[in-house]
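Chemist: As you go down the protein sequences, you meet chains A and B in turn.
Residue numbers for the first sequence follow the UniProt record's numbering, beginning at 1 and rising by one.
Residue numbers for the second sequence follow the UniProt record's numbering, beginning at 1 and rising by one.
Pasting a structure here, questions to come.
There are 2 protein chains.
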Amino acid sequence: MEESSKDAMVADSVTGEAAAANPAAGLSRRGLLGLAIGGGVASLAVGMGAGLAGGVALGRTRAHAEAEHAYDFFGAHQAGITTPVQEHLHFASFDMMPRTDRDDLVSLLQDWTYAASRMSQGLEVSATGAVGGDAEVPPDDTGEALGLPAAGLTITIGFGPTLFENEDGDRYGIAERRPAALVRLPAFLGDDLDPQTSHGDLCIQACADDPQVAVHAIRNLSRIAFGRAKLRWSQLGFGKTSRTTSGQATPRNLFGFKDGTANILADDSAALDENVWVAPSDEPAWMAGGSYLVARKIAMLIETWDRVRLSEQDAIIGRDKGEGAPLSGGDEFAAPDFGTSAIDADAHVRLAHPSQNDGIRILRRGFNYVNGNNDLGRLDAGLFFLSYQRDPAQFITLQRRLSTDRMNEYIRHVGSGIWAIPAGATPGSYVGVGLFA
Amino acid sequence: MEESSKDAMVADSVTGEAAAANPAAGLSRRGLLGLAIGGGVASLAVGMGAGLAGGVALGRTRAHAEAEHAYDFFGAHQAGITTPVQEHLHFASFDMMPRTDRDDLVSLLQDWTYAASRMSQGLEVSATGAVGGDAEVPPDDTGEALGLPAAGLTITIGFGPTLFENEDGDRYGIAERRPAALVRLPAFLGDDLDPQTSHGDLCIQACADDPQVAVHAIRNLSRIAFGRAKLRWSQLGFGKTSRTTSGQATPRNLFGFKDGTANILADDSAALDENVWVAPSDEPAWMAGGSYLVARKIAMLIETWDRVRLSEQDAIIGRDKGEGAPLSGGDEFAAPDFGTSAIDADAHVRLAHPSQNDGIRILRRGFNYVNGNNDLGRLDAGLFFLSYQRDPAQFITLQRRLSTDRMNEYIRHVGSGIWAIPAGATPGSYVGVGLFA
Numbered sequence: 001m002e003e004s005s006k007d008a009m010v011a012d013s014v015t016g017e018a019a020a021a022n023p024a025a026g027l028s029r030r031g032l033l034g035l036a037i038g039g040g041v042a043s044l045a046v047g048m049g050a051g052l053a054g055g056v057a058l059g060r061t062r063a064h065a066e067a068e069h070a071y072d073f074f075g076a077h078q079a080g081i082t083t084p085v086q087e088h089l090h091f092a093s094f095d096m097m098p099r100t101d102r103d104d105l106v107s108l109l110q111d112w113t114y115a116a117s118r119m120s121q122g123l124e125v126s127a128t129g130a131v132g133g134d135a136e137v138p139p140d141d142t143g144e145a146l147g148l149p150a151a152g153l154t155i156t157i158g159f160g161p162t163l164f165e166n167e168d169g170d171r172y173g174i175a176e177r178r179p180a181a182l183v184r185l186p187a188f189l190g191d192d193l194d195p196q197t198s199h200g201d202l203c204i205q206a207c208a209d210d211p212q213v214a215v216h217a218i219r220n221l222s223r224i225a226f227g228r229a230k231l232r233w234s235q236l237g238f239g240k241t242s243r244t245t246s247g248q249a250t251p252r253n254l255f256g257f258k259d260g261t262a263n264i265l266a267d268d269s270a271a272l273d274e275n276v277w278v279a280p281s282d283e284p285a286w287m288a289g290g291s292y293l294v295a296r297k298i299a300m301l302i303e304t305w306d307r308v309r310l311s312e313q314d315a316i317i318g319r320d321k322g323e324g325a326p327l328s329g330g331d332e333f334a335a336p337d338f339g340t341s342a343i344d345a346d347a348h349v350r351l352a353h354p355s356q357n358d359g360i361r362i363l364r365r366g367f368n369y370v371n372g373n374n375d376l377g378r379l380d381a382g383l384f385f386l387s388y389q390r391d392p393a394q395f396i397t398l399q400r401r402l403s404t405d406r407m408n409e410y411i412r413h414v415g416s417g418i419w420a421i422p423a424g425a426t427p428g429s430y431v432g433v434g435l436f437a
Numbered sequence: 001m002e003e004s005s006k007d008a009m010v011a012d013s014v015t016g017e018a019a020a021a022n023p024a025a026g027l028s029r030r031g032l033l034g035l036a037i038g039g040g041v042a043s044l045a046v047g048m049g050a051g052l053a054g055g056v057a058l059g060r061t062r063a064h065a066e067a068e069h070a071y072d073f074f075g076a077h078q079a080g081i082t083t084p085v086q087e088h089l090h091f092a093s094f095d096m097m098p099r100t101d102r103d104d105l106v107s108l109l110q111d112w113t114y115a116a117s118r119m120s121q122g123l124e125v126s127a128t129g130a131v132g133g134d135a136e137v138p139p140d141d142t143g144e145a146l147g148l149p150a151a152g153l154t155i156t157i158g159f160g161p162t163l164f165e166n167e168d169g170d171r172y173g174i175a176e177r178r179p180a181a182l183v184r185l186p187a188f189l190g191d192d193l194d195p196q197t198s199h200g201d202l203c204i205q206a207c208a209d210d211p212q213v214a215v216h217a218i219r220n221l222s223r224i225a226f227g228r229a230k231l232r233w234s235q236l237g238f239g240k241t242s243r244t245t246s247g248q249a250t251p252r253n254l255f256g257f258k259d260g261t262a263n264i265l266a267d268d269s270a271a272l273d274e275n276v277w278v279a280p281s282d283e284p285a286w287m288a289g290g291s292y293l294v295a296r297k298i299a300m301l302i303e304t305w306d307r308v309r310l311s312e313q314d315a316i317i318g319r320d321k322g323e324g325a326p327l328s329g330g331d332e333f334a335a336p337d338f339g340t341s342a343i344d345a346d347a348h349v350r351l352a353h354p355s356q357n358d359g360i361r362i363l364r365r366g367f368n369y370v371n372g373n374n375d376l377g378r379l380d381a382g383l384f385f386l387s388y389q390r391d392p393a394q395f396i397t398l399q400r401r402l403s404t405d406r407m408n409e410y411i412r413h414v415g416s417g418i419w420a421i422p423a424g425a426t427p428g429s430y431v432g433v434g435l436f437a
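Have a look at this one:
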């Protein structure tokens with residue numbers, strides 16, 4: 001995922017527009033209906049123009065181009081996986097509405113592709129946007145990101161197991177194309193899952209360096225889904241708990257420890273091919289270039305953790321809190337030496353380490369979350385864990401290995417989901433096109 | 001509230017340390033007990049050193065000094081009122097624990113002053129912090145802000161009506177010193193208040209440009225309060241909806257409109273003295289230099305709003321959505337002309353405008369919020385309204401005037417609170433000292 005150069009940003013917007021105008025000719029009639037409902041007439045003309053989204057939208061891209069990033073939505077892989085982890089997350093899970101058909105699903109993906117490709121360039125969801133259209137209908141765009149730059153927005157779209165088949169059967173004629181590995185995750189020791197923060201037919205991961213930009217994306221994509229899909233649950237996150245490029249410092253989770261030291265980095269293409277991207281030789285063929293996303297909402301019992309003595313905290317993690325160095329010695333990036341007793345048998349770093357798991361690695365992309373507090377006056381806080389892997393078995397193996405993790409005393413897995421992440425869309429097409437070919 | 005110059009930052013840390021060491025000699029024994037409980041021995045030595053908080057804490061301030069702001073905690077007024085509005089908010093309301101006495105309350109305020117003055121300089125809550133103390137006791141600091149700069153953190157502390165007197169009576173011997181105006185706000189038309197997001201004996205407003213820094217502050221101040229006060233409710237916010245300096249662009253709320261165009265600005269000292277700061281001649285004397293904070297959690301029915309046609313949205317607000325210009329003409333900063341019919345009688349801008357309210361002005365400092373979604377798949381989103389005023393009557397008058405606001409159809413006030421904000425602390429003292437003099 002290349003970062004657009006500053007000079008190329010306006011040109012990129014044009015590309016995004018021209019590309020998206022092809023498959024979907026802007027938003028579908030259903031998408032327009034979602035926007036216009038209540039206003040009576042869907043008389044908007046979108047996506048047809050000269051490729052520039054009017055003064056307002058163009059202006060906001062230019063004004064902030066010096067300081068801000070914009071990432072291409074189109075590419076071999078979807079953005080938001082190896083993209084340098086942004087500061088903020090708004091993750092949303094959707095269920096398709098009852099009595100929707102295959103055309104509804106395809107048009108939804110086309111509409112999401114169109115709107116997402118625009119928003120990732122700092123543009124509004126359509127050329128007329130929040131204020132450029134007919135004043136006698138509801139605006140296409142909700143407007144709270146007017147004046148804000150792209151802020152590194154990436155939008156990553158996934159397909160859950162239930163999209164392929166659920167209790168209503170094969171709603172979209174795709175049951176036979178479900179990847180064999182795309183099934184609900186097995187129950188893990190200590191799971192305490194809330195169905196209201198688990199699963200879903202579709203997911204969207206919106207990451208940006210400005211939370212208002214991420215929220216704007218989810219809100220507008222939800223709105224465009226009107227009549228076809230409904231928000232099932234969503235979660236905001238901040239303070240990324242993983243780094244995906246060597247230039248990023250390792251952030252800290254809410255236990256106060258560095259997290260993601262040994263993550264797969266974006267420039268390690270061999271490791272990505274081995275561990276993250278579905279290969280052309282893998283099944284099914286339409287998933288080539290894609291990945292599998294696992295989301296786990298992990299509540300942290302931080303008040304309890306905060307009362308654990310420092311030496312015990314270090315022992316539980318297997319690293320020292322200050323530097324993040326393995327207890328076997330060296331600095332943060334030193335390889336842990338599991339041949340010594342310095343790292344306990346049930347320390348987190350030992351159980352999770354590739355060397356103890358037949359070399360299994362995953363790409364982590366999690367965020368911290370705080371959702372106010374519970375009735376006991378304790379912060380409702382934790383880690384919104386996100387990982388991308390070539391095969392869900394990688395996560396399952398690691399998570400089973402963690403069943404003896406001494407850290408489990410201080411965490412609860414309260415949400416869970418798995419989604420197939422198709423390859424990136426090419427200009428002129430849409431995310432997931434291969435599934436319907 | 002002066003922004004510390006980069007060169008002065010380290011010196012400021014020293015000042016903060018030396019100052020705080022005076023009244024509280026670091027954290028009180030109760031504060032230490034809160035940190036150490038479960039670890040057995042409160043053997044920490046804090047706040048006594050040479051004034052430098054060890055390599056880790058000092059290093060993080062220096063490393064980021066170029067790019068980051070640090071505001072003085074001490075001053076004539078508390079920071080976080082006229083300070084340029086930061087990007088993120090963590091607001092927390094606390095209740096005192098049963099059977100606490102006046103000494104508990106005073107020591108809590110001393111401990112909060114000590115820790116807040118340190119954190120606002122990018123330091124940990126004590127000199128030994130997360131990793132510099134005895135490894136056989138729980139760390140003083142929870143550690144998730146290690147390596148992060150001050151990020152413009154301000155911490156603002158307030159006293160609710162129930163602190164002075166509640167159903168248990170005059171717990172702290174301060175009932176007679178309650179400002180006459182500090183009473184629970186009257187019920188307003190359309191109020192739908194949830195007690196779980198309303199009121200509280202004490203409040204802390206933590207604002208920072210990094211949400212992890214704001215969360216770290218509330219988490220650690222809650223922890224320090226152990227045995228004395230308990231978190232009642234808390235709310236995160238982002239995307240500030242007001243500007244407090246002329247250099248800040250006017251942000252947008254989740255209705256997509258610019259908000260705070262006509263706010264009182266930090267350099268308008270005449271307006272601040274008239275409308276925000278309690279004057280020495282006001283009653284009671286201990287509130288001189290302070291202010292009154294009103295918080296209102298205002299849920300926005302954004303899906304409904306999004307289906308309103310643009311012309312109607314503009315009419316409801318009385319400004320145009322694109323530029324924020326009054327419908328009577330001119331640009332964003334033009335004075336609205338209420339002599340014309342261009343601005344409806346029930347438009348928000350008309351009802352809220354000082355010229356329609358005997359010149360009443362308040363200093364707004366609100367943030368957008370999104371707390372996931374409800375069971376209907378609608379985002380639980382809105383405005384966390386914060387305003388500072390010299391007298392609560394200013395807010396009450398304005399809010400009553402808004403009873404005919406056409407915008408009310410799209411909002412619900414679901415949380416409410418009022419707190420007296422004492423003057424800033426001077427080095428060597430603590431926030432609220434005047435109340436106990």
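Here a beta-carbon is modelled for each residue, glycine too, at the ideal position from N, C-alpha and C.
With distances taken Cα to Cα, identify the nearest neighbour of Arg-223(A) among Arg-307(A), Val-125(A) and Gly-133(A).
Modeler: Position 223 of the first sequence, counted from the first residue, corresponds to residue 223(A). When Arg-307(A), Val-125(A) and Gly-133(A) are compared, the shortest CA-CA separation from Arg-223(A) is found for Val-125(A).
Chemist: Under the rule that 16 or more other beta-carbon atoms within 10 Å means buried, what is residue 474(A), buried or exposed?
Modeler: Since the first residue of chain A shown is 1 and the last is 437, residue 474(A) is not available in this structure.
Chemist: If you draw a straight line from the C-alpha of residue 438(B) to the C-alpha of Asp-140(A), how long is it?
Modeler: Outside the shown range of chain B (1 to 437) lies residue 438(B), about which nothing can therefore be said.
Chemist: Which chain B residues are close to Gly-112(A), counting only those with a beta carbon under 8 Å from its beta carbon?
Modeler: Numbered from 1 along the first sequence, position 112 holds the residue referred to as residue 112(A). Correcting the residue identity first, residue 112(A) is Trp in this sequence and not Gly. Those within 8 Å of Trp-112(A) in chain B number zero; the least Cβ separation is about 16 Å.
Chemist: Alpha helix (DSSP H) containing Phe-159(A): first to last residue?
Modeler: For this step, residue 159(A) is matched to residue 159 along the first sequence. Residue range 154-159 is occupied by the beta strand (DSSP E) that includes Phe-159(A), with no alpha helix (DSSP H) assigned at that position.
Chemist: By how many angstroms is the C-alpha of Ser-281(A) removed from the C-alpha of Ala-425(A)?
Modeler: Position 425 of the first sequence, counted from the start, is the residue given in the question as residue 425(A). Position 281 of the first sequence, counted from the start, is the residue given in the question as residue 281(A). Cα-Cα distance, rounded: 20 Å.
Chemist: Looking only at its chain, what residues have a beta carbon closer than 8 Å to the beta carbon of Gly-247(A), apart from the 5 residues adjacent to it on each side?
Modeler: Numbered from 1 along the first sequence, position 247 holds the residue referred to as residue 247(A). Excluding positions up to five away in sequence, the list reads Pro-84.
Chemist: Check the Cβ-Cβ distances between Pro-138(A) and every residue of chain B, and say whether any is below 8 Å.
Modeler: Within the first sequence, numbered from 1, the residue matching residue 138(A) stands at position 138. For Pro-138(A), the answer is yes, since a Cβ of chain B falls inside 8 Å of its Cβ.
Chemist: Mapping the DSSP letters down to three states, classify Trp-233(B) as helix, strand or coil.
Modeler: Counted from its first residue, the second sequence places residue 233(B) at position 233. Trp-233(B) falls in the strand class under three-state DSSP.
Chemist: Would Leu-185(B) and Ala-135(A) be called neighbours here (beta carbons separated by less than 8 Å)?
Modeler: As a first step, residue 185(B) must be located in the second sequence, where it is residue number 185. As a first step, residue 135(A) must be located in the first sequence, where it is residue number 135. For Leu-185(B) and Ala-135(A), no; Cβs fall outside 8 Å.
Chemist: In chain B, what lies closer than 9 Å to Lys-321(A) by C-beta?
Modeler: Position 321 of the first sequence, counting from 1, holds the residue named residue 321(A). The contacting residues are Ala-130, Val-131, Pro-139, Gly-143 and Leu-146.
Chemist: Please confirm whether Val-370(B) has its beta-carbon closer than 8 Å to some beta-carbon of chain A.
Modeler: As a position in the second sequence, residue 370(B) is number 370, starting the count at 1. Answer yes: the Cβ-Cβ gap between Val-370(B) and chain A drops below 8 Å somewhere.
Chemist: Do Val-215(B) and residue 438(B) count as a contact pair if the criterion is CB distance below 8 Å?
Modeler: In this structure chain B extends from 1 to 437, so residue 438(B) is not present and cannot be described.
Chemist: Could you give the C-beta distance for Asp-170(A) and Asp-95(A), rounded to a whole number, given that I count them as a contact under 8 Å?
Modeler: Here residue 170(A) refers to the residue found at position 170 of the first sequence. Here residue 95(A) refers to the residue found at position 95 of the first sequence. 16 Å between Cβ atoms; not a contact.
Chemist: Is Leu-189(B) buried or exposed, if buried means 16 or more other CB atoms sit within 10 Å of its CB?
Modeler: For this step, residue 189(B) is matched to residue 189 along the second sequence. Exposed is the call here.
Chemist: I want to check one thing, is the minimum distance from the CB of Leu-27(A) to the heavy atoms of the ligand MN below 7 Å?
Modeler: Only the bare structure without any ligand can be found here, which leaves the ligand MN out of the picture.
Chemist: What residue does the beta strand (DSSP E) around Leu-310(B) start on, and which one ends it?
Modeler: Stepping through the second sequence from its first residue, residue 310(B) is reached at position 310. Here Leu-310(B) belongs to no beta strand (DSSP E); instead the alpha helix (DSSP H) covers 310-317.
Chemist: Check whether the Cβ atoms of Ala-299(A) and Arg-406(A) sit closer than 8 Å, and answer yes or no.
Modeler: In the first sequence, residue 299(A) corresponds to position 299, counting from 1. In the first sequence, residue 406(A) corresponds to position 406, counting from 1. Contact flag unset, no.
Chemist: Around the Cβ of Pro-98(B), are there at least 16 other Cβ atoms within 10 angstroms (buried) or fewer (exposed)?
Modeler: Taking the second sequence and counting its residues from 1, the one referred to as residue 98(B) is at position 98. Exposed is the call here.
Chemist: Residue ranges of each beta strand (DSSP E) run of no fewer than 3 residues wholly in the segment 211-289 of chain B, ordered along the chain?
Modeler: 229-238
Chemist: Distance, Cα to Cα, Ala-145(B) vs Gln-86(B)?
Modeler: One-based indexing of the second sequence puts residue 145(B) at position 145. One-based indexing of the second sequence puts residue 86(B) at position 86. Going by the C-alpha atoms only, they are around 17 Å apart.
Chemist: Which residues, taken in chain order from the segment 361-391 of chain A, show a beta carbon closer than 7 Å to some beta carbon of chain B?
Modeler: Asn-368, Val-370, Asn-371, Gly-372, Asn-373, Gly-377 and Leu-379
Chemist: Along chain A, in chain order, which residues have C-beta atoms closer than 9 Å to that of Phe-91(B)?
Modeler: Start at 1 with the first residue of the second sequence, and residue 91(B) comes out as number 91. Under the 9 Å cutoff, chain A gives no residues; its nearest Cβ is about 10 Å from Phe-91(B).
Chemist: Thr-397(B) to Asn-357(B), Cα distance in whole Å?
Modeler: Start at 1 with the first residue of the second sequence, and residue 397(B) comes out as number 397. Start at 1 with the first residue of the second sequence, and residue 357(B) comes out as number 357. Cα to Cα, the separation comes out at about 8 Å.
Chemist: Taking any Cβ of chain B, which residues in the segment 221-232 of chain A have a Cβ under 8 Å from it, in chain order?
Modeler: Ser-222, Arg-223, Lys-230, Leu-231 and Arg-232
Chemist: Please list, in chain order, all residues of the same chain as Asp-111(B) whose beta carbon is under 7 Å from its beta carbon, the five residues on each side excluded.
Modeler: Counting from one through the second sequence, the residue named residue 111(B) turns up at place 111. For Asp-111(B), where only same-chain residues beyond five positions count, the Cβ hits under 7 Å are Ala-24, Leu-27, Ser-28, Gly-31 and Ile-224.
Chemist: Kindly indicate if chain A contains any beta-carbon less than 8 Å away from that of Val-125(B).
Modeler: By one-based count along the second sequence, residue 125(B) stands at place 125. Among the residues facing chain A, Val-125(B) is not included, as its CB has no counterpart in that chain under 8 Å away.
Chemist: At a Cβ threshold of 8 Å, is Ala-135(B) touching chain A?
Modeler: Translated into positions along the second sequence, residue 135(B) becomes position 135. For Ala-135(B), the answer is yes, since a Cβ of chain A falls inside 8 Å of its Cβ.
Chemist: Applying the 10 Å Cβ sphere with the 16-neighbour rule, what's the burial state of Ser-198(A)?
Modeler: In the first sequence, the residue the question calls residue 198(A) occupies position 198. Taking all protein chains shown into account, Ser-198(A) has 16 or more neighbouring C-beta atoms within 10 Å of its C-beta and is therefore buried.
Chemist: Would Phe-252(A) count as contacting chain B if we go by Cβ distances under 8 Å?
Modeler: Here the question's residue 252(A) lines up with position 252 in the first sequence. The amino acid at residue 252(A) is misidentified as Phe; the sequence shows Arg. At least one CB of chain B lies nearer than 8 Å to the CB of Arg-252(A).
Chemist: Report all residues from its chain with a CB closer than 6 Å to the CB of residue 519(A); omit the five preceding and five following residues, and keep chain order.
Modeler: Outside the displayed span of chain A (1 to 437) sits residue 519(A), for which this structure offers no information.
Chemist: Would you say Pro-84(A) lies against chain B (beta-carbon separation less than 8 Å)?
Modeler: Looking up residue 84(A) in the first sequence gives position 84. Pro-84(A) is outside the set of residues whose beta carbon lies under 8 Å from a beta carbon in chain B.
Chemist: Which residue marks the beginning of the beta strand (DSSP E) containing Asp-111(B), and which one marks its end?
Modeler: Position 111 of the second sequence, counted from the start, is the residue given in the question as residue 111(B). Element bounds for Asp-111(B): not the beta strand (DSSP E) but the alpha helix (DSSP H), 102-119.
Chemist: Taking beta-carbon pairs under 9 Å, can you tell me which members of the segment 195-209 of chain A lie near chain B?
Modeler: Gln-196 and Thr-197
Chemist: Determine the extent of the alpha helix (DSSP H) in which Gly-382(A) is found, giving its start and end residues.
Modeler: On the first sequence, position 382 is the one that residue 382(A) refers to. Per DSSP, Gly-382(A) belongs to no alpha helix (DSSP H); it is in the beta strand (DSSP E), 379-389.
Chemist: With 8 Å as the limit, tell me which residues of the segment 289-313 of chain A have their beta carbon closer than that to any beta carbon of chain B; keep them in chain order.
Modeler: Ile-302, Glu-303, Asp-306, Arg-307, Val-308, Arg-309, Leu-310, Ser-311 and Gln-313
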